[in-house]
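Written below as structure tokens is the structure these notes are about.
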Amino acid sequence: MITRKRLAARACGLLAALAVGLFPASATAADGPTAKEPPKVDLVLDVSGSMRAEDIDGQSRMAAAKQAFNEVIDSVPDEVRLGIRTLGATYPGEDKALGCKDTKQLYPVGPLNRTEAKTAVATLAPTGWTPIGPALLAAAQDLDGGDGTKRIVLITDGEDTCAPLDPCEVARDIAAKGIHLVIDTLGLVPDAKIRAQLTCIAEATGGTYTSVQHTAELSSRVKQLVDRAAEPVVNPVATEGAKQCANAPRLKPGLYSDRETFGEHRWYRVEVRPGQELRASVSIAADRAVNNDYGVLLRATTVHGREIVRGSEAGDGRTDVLSAGLRYPKAEVDAADDEAEEAPETVCLQVSNSFSAPASVKTAPGMPVELTVDVVDGPDEASDAAAFGLGRGWWLLAVLALAGLAAGVVWGWISRWRISVWRTN
14 MITRKRLAAR ACGLLAALAV GLFPASATAA DGPTAKEPPK VDLVLDVSGS
64 MRAEDIDGQS RMAAAKQAFN EVIDSVPDEV RLGIRTLGAT YPGEDKALGC
114 KDTKQLYPVG PLNRTEAKTA VATLAPTGWT PIGPALLAAA QDLDGGDGTK
164 RIVLITDGED TCAPLDPCEV ARDIAAKGIH LVIDTLGLVP DAKIRAQLTC
214 IAEATGGTYT SVQHTAELSS RVKQLVDRAA EPVVNPVATE GAKQCANAPR
264 LKPGLYSDRE TFGEHRWYRV EVRPGQELRA SVSIAADRAV NNDYGVLLRA
314 TTVHGREIVR GSEAGDGRTD VLSAGLRYPK AEVDAADDEA EEAPETVCLQ
364 VSNSFSAPAS VKTAPGMPVE LTVDVVDGPD EASDAAAFGL GRGWWLLAVL
414 ALAGLAAGVV WGWISRWRIS VWRTN
């Protein structure tokens with residue numbers, strides 16, 4: 014028996030070798046999955062004159078930033094394409110027009126040569142203005158192209174000095190392009206105005222703001238953000254909802270992004286077959302100052318306008334993201350029914366919001382909308398309580414209700430017995 018198994022194994026090996034010879038590796042590789050595009054990160058460093066201040070661990074802000082950059086460069090994952098851009102590094106004069114153009118690519122986004130990148134960082138000296146807006150626009154161009162993860166990490170110690178090109182508006186315009194570029198900001202000075210501007214930039218693109226006052230904190234946070242870019246993520250597909258269901262885009266299961274102005278209604282369509290369940294959720298980010306009292310509505314209707322189910326959520330005060338969801342199980346058809354009735358049903362999804370803002374707040378571009386659509390197998394039985402929105406734990410609620418009822422009956426009986434005994438005695 015063992016000899017036969019060995020002969021069979023040798024025969025399989027011979028056939029495999031012949032297959033490799035007849036079908037080259039290049040041909041088989043073409044049929045395999047396409048290579049994933051590497052993530053891209055552009056570190057944008059403020060090199061303006063204020064970076065000379067010596068208030069970070071007894072050294073200048075520039076020296077702290079250089080030390081942190083060297084540590085980050087040493088730890089960048091091999092698959093990450095890293096670039097470095099500066100702002101305020103070359104023009105020391107007083108001409109605002111020239112100072113607001115002072116941004117350059119210190120190290121191009123691509124495969125990292127650690128020695129060359131460190132040498133480039135070592136040449137930096139605090140010099141000029143703080144053109145954050147122009148630097149973000151240029152960094153977005155540095156990362157242009159491809160479908161991989163894109164991230165900008167901005168490190169600065171001050172506000173933008175080149176208004177009216179508002180960096181917060183620049184970030185919103187970048188987000189509105191649907192290129193899935195995230196901007197994270199790090200502030201080296203704990204100032205309220207700086208924090209407000211950097212927070213606005215980050216929130217516009219789904220990024221984060223961090224205040225750092227020590228070299229170790231700066232290095233640790235930048236490393237974390239670079240590593241995060243290397244992690245696999247699902248990029249939402251950009252879409253544009255319609256004003257009515259008849260013209261709405263048809264969505265397959267997946268993650269989608271859109272933009273919606275204050276008080277707007279947008280429609281999308283999803284196909285649901287008998288025996289399937291539609292699960293949808295929507296999140297709208299308040300990426301700018303909004304008034305109190307707001308809400309989000311996600312509604313599923315038929316093509317004729319009859320409401321099937323809805324999900325809604327409301328807020329009062331400052332909430333960065335507001336979400337709502339719904340579930341719609343479509344019952345299976347009987348075997349005796351016509352096959353025509355097994356055709357998918359078109360479900361219209363309406364996304365609405367009741368956000369409002371002061372007159373000074375710009376409404377364009379609209380607020381970020383993220384819509385998740387999933388179609389799964391429906392409940393096994395029509396009586397499954399999950400189909401009515403109670404979830405799979407409905408039986409626990411029933412047990413608790415029966416236990417409470419039984420406890421109430423027993424306690425009432427004991428109370429009556431004690432009273433009767435008291436009266437007898």
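Here the sequence shown is numbered in the working numbering, starting from 14 and rising by one per residue. The beta carbon of each residue, even a glycine, is placed where N, CA and C say it ideally should be. The structure displayed is predicted, hence computed values, not measured ones.
Query	Result
Provide the residue span of the alpha helix (DSSP H) that contains Asn83, from first to last.	74 to 88
Any heavy atom of the ligand GDP closer than 7 Å to the CB of Ile192?	Inclusion of the ligand GDP in the displayed structure is not the case, the ligand content being empty and no account of it being possible.
Can you name, in chain order, every residue of its own chain whose Cβ lies under 6 Å from the Cβ of Arg94, other than the five neighbours on each side?	Pro51, Lys53, Val122, Gly123
According to DSSP, what are the bridge partners of Gln154?	Paired residues: none, contrary to the question.
Report the option in Leu291, Val250, Asp59 whose CA atom is closest to the CA atom of Pro381.	Val250
Among Trp430, Thr162, Ala76, which one has its Cα closest to the Cα of Glu244?	Thr162
Locate the beta strand (DSSP E) running through Glu107, then write down its first and last residues.	Counting along the chain, Glu107 falls outside any beta strand (DSSP E), and DSSP gives it neither H nor E.
Leu125 lies in the alpha helix (DSSP H); which residues open and close that run?	That residue, Leu125, is in no alpha helix (DSSP H); it is neither H nor E in DSSP.
Would you kindly check if the distance between the Cβ of Ala77 and the Cβ of Ile69 is under 8 Å?	yes
From which residue to which residue does the beta strand (DSSP E) around Asp59 run?	53 to 59
How long is the line joining the alpha carbons of Ala184 and Leu156, rounded to whole angstroms?	14 Å
Just tell me which of Pro139, Lys190, Glu345 has its CA closest to the CA of Gln289.	Glu345
List the residues that DSSP assigns as beta-bridge partners of Pro381.	Arg272
Would you kindly work out how many angstroms separate the C-alpha atoms of Lys49 and Lys109, rounded to a whole number?	43 Å
I believe Val225 touches Ala152 by the beta-carbon criterion, under 8 Å. Please report the beta-carbon distance rounded to the nearest angstrom.	About 20 Å; that fails the 8 Å criterion.
Taking the beta carbon of Lys79 as the centre, do at least 16 other beta carbons fall within 10 Å, making it buried, or is it exposed?	buried
Mapping the DSSP letters down to three states, classify Ala399 as helix, strand or coil.	Note on Ala399: pLDDT 44, under 50, position unreliable in the model; the coordinate value appears next. Helix.
Here's the rule I'm using: 16 or more other beta-carbon atoms within 10 Å means buried, otherwise exposed. How should Pro46 be labelled?	Here the model assigns Pro46 a pLDDT of 46, short of 50, so the residue's position is not dependable, and the following value carries that caveat. Counting Cβ neighbours within 10 Å, Pro46 comes out exposed, since fewer than 16 surround it.
Assuming Leu311 contacts Ala293 (C-beta within less than 8 Å), just tell me the rounded distance between them.	6 Å
From what residue to what residue does the beta strand (DSSP E) around Thr169 run?	163 to 169
Less than 6 Å between C-beta atoms, sequence neighbours within five positions excluded: which residues of the same chain meet that for Arg74?	Met64, Ala66, Asp170, Leu201
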